Amino acid sequence: GKEYYFLLSYALLALGGGMTMLGAFPASFLLPDYQTAILAGISCLFDSSSIIFYLFYQLRHLLSRKEWFGMYMMVAVVIYTLLAMVYYRLEQHQKQQMKKEDETKDGTAVAASSASEEESTALLESNNSATTRDDQHLQRVLALGYHEKTVKEQLYTHEYGLAVFFTCCQMLRCNFFIMTVDHFLYLAGDIEQNYAKLFSWILPCGVAVVPLIDATVRSLGILRSLQVTNIIGFVFGCVLLVPSSLPLQGLNFGIFTCFRAYLYATLNTWIATSFGVQTMGRLIGFVFTMAAIASLLQYPLSVWANNQGSFTSVNVVLLCTAGFLPAVATRMYQQRCQYHSAAAAASTNRHTAEYGSTTMP
1 GKEYYFLLSY ALLALGGGMT MLGAFPASFL LPDYQTAILA GISCLFDSSS IIFYLFYQLR
61 HLLSRKEWFG MYMMVAVVIY TLLAMVYYRL EQHQKQQMKK EDETKDGTAV AASSASEEES
121 TALLESNNSA TTRDDQHLQR VLALGYHEKT VKEQLYTHEY GLAVFFTCCQ MLRCNFFIMT
181 VDHFLYLAGD IEQNYAKLFS WILPCGVAVV PLIDATVRSL GILRSLQVTN IIGFVFGCVL
241 LVPSSLPLQG LNFGIFTCFR AYLYATLNTW IATSFGVQTM GRLIGFVFTM AAIASLLQYP
301 LSVWANNQGS FTSVNVVLLC TAGFLPAVAT RMYQQRCQYH SAAAAASTNR HTAEYGSTTM
361 P
């Protein structure tokens, strides 16, 4: 029957949407000056797209559903054509880089060493030129050669571990709130669901935060931006503990939207700068698959809240796990970067004292 076609199309829509988002991420490497803004824009527009079908429903008196979806299909054809052009340009860019590397191998050892230093500098700037050259995270990534490692090797790095842990903790809280927000507001006094409707309109507005996210990463670097993301999430969690004030919760919708936009954008930028264009899509898929598994905990948490008739206890637990644990993990990684930077500086000083120069003889 027709219901099976609807089920098939709905499944393809869910699968295709995620694949489109992951497929668009590598395009950010073509414009390194705007990489963070591009990644943030892709993530936030993916969220905002959830309102499209609601708009189709509201405008059903203008065109039929079949006509709206026909126009939607035409837009998709244009978008995928442009995406194919971007991939072609990216492939050409990679071939040029490989050609330069082959030319470098034909030079002397000194020339190769010099070219390697230039390549590292270019890599630092191209991966996230918004970040300063003294960013300890990027210096560690370059020194350990993460961009040249295989996916299997990258899965055993501290950078990947931090991404998985941070995402699992934060996505559980995000998904739990989205799943239970109507009931939470009802218990808070939103009998007519006015605030629930307001939330459904505010959530897709995360794209408005993209310039702020880009400015944050440019000024603070990606590692500190993760901490900014955690601070915004902590504020959101604290406001949830005051459910009696519906106007305050209305303001908290904006904080949550900002937090969610920061979360997706900073994590995607973190993976892009840590592992490079070749493996970025696969690693993002791995990270968010782990987060999806962790988010299954939202169901027993929902049962716990329903049995208590209140979300306070659950929100306190989520505030502790998602508010403190990712901050501690990020701080531990920051200390590891500082140790690595200090060790590299000490090695350089020893080499300078021995040879009287920072370049190899």
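Position one of the sequence shown corresponds to residue 1 (this note's numbering), numbered consecutively onward.
Note that beta-carbon positions come from the ideal geometry of N, C-alpha and C, so glycine has one too.
From a predicted model like this one, the values you see are computed outputs, not experimental measurements.
Using only the alpha-carbon positions, how far apart do residue i and residue j sit?
i	j	result
residue 200	residue 42	20 angstroms
residue 243	residue 188	6 angstroms
residue 168	residue 62	43 angstroms
residue 6	residue 329	44 angstroms
residue 217	residue 39	12 angstroms
residue 235	residue 4	44 angstroms
residue 121	residue 97	Bear in mind that the predicted position of residue 121 carries a pLDDT of just 46, short of 50, making it unreliable; the figure below should be weighed with that in mind. Cα to Cα, the separation comes out at about 14 angstroms.
residue 370	residue 178	Because the chain spans 1 through 361 in this model, residue 370 falls outside it and cannot be assessed.
residue 46	residue 191	31 angstroms
residue 281	residue 64	37 angstroms
residue 146	residue 160	11 angstroms
residue 32	residue 166	25 angstroms
residue 322	residue 255	15 angstroms
residue 155	residue 198	40 angstroms
residue 232	residue 70	40 angstroms
residue 227	residue 212	15 angstroms
residue 215	residue 37	9 angstroms
residue 289	residue 295	10 angstroms
residue 66	residue 324	49 angstroms
residue 149	residue 316	40 angstroms
residue 265	residue 44	8 angstroms
residue 252	residue 138	34 angstroms
residue 15	residue 92	28 angstroms
residue 35	residue 17	21 angstroms
Can you list, in chain order, the residues of its chain whose CB lies under 8 angstroms from that of residue i, leaving out five sequence neighbours each side?
i	result
residue 163	267, 270, 271, 274, 283 and 287
residue 136	223, 334, 337, 338, 340 and 341
residue 50	203 and 204
residue 151	279, 282 and 283
residue 11	none
Is residue i helix, strand or coil by DSSP?
i	result
residue 221	coil
residue 52	helix
residue 157	coil
residue 183	helix
residue 311	coil
residue 245	coil
residue 99	helix
residue 214	helix
residue 67	helix
residue 282	helix
residue 31	coil
residue 92	helix
residue 137	helix
residue 189	coil
residue 149	coil
residue 206	helix
residue 80	helix
residue 260	helix
residue 61	coil
residue 17	helix
residue 277	coil
residue 360	Summary for residue 360: the model assigns pLDDT 41, below 50, so the residue's position carries little reliability; its value from the coordinates is reported in the next sentence. Looking at residue 360 - three-state DSSP - the assignment turns out to be coil, as it is neither helix nor strand.
Here's a check: name, in chain order, each residue in its chain whose Cβ is nearer than 6 angstroms to the Cβ of residue i, leaving out the five neighbours to either side.
i	result
residue 327	230
residue 318	173
residue 141	274
residue 263	170 and 229
residue 209	258 and 261
residue 56	68
residue 27	86
residue 29	277
residue 184	311
residue 175	295 and 298
residue 182	196
residue 240	315
Sorry if obvious, but does the Cβ on residue i come closer than 8 angstroms to a heavy atom of the ligand ADP?
i	result
residue 245	Among the ligands in the structure shown, none appear at all, so the ligand ADP cannot be discussed.
Could you name the residues of the same chain whose beta carbon sits closer than 7 angstroms to that of residue i, not counting the 5 residues immediately before and after it, in chain order?
i	result
residue 314	301, 304 and 305
residue 76	none
residue 144	none
residue 357	In this predicted model, residue 357 has a pLDDT of only 49, less than 50, meaning its place in the structure is not dependable enough to derive any value.
residue 207	41, 44, 45 and 48
Query raised in the report: Taking contact to mean at least 3 C-beta pairs separated by less than 8 angstroms, is the stretch 73 to 86 in contact with the stretch 21 to 28?
Result: yes
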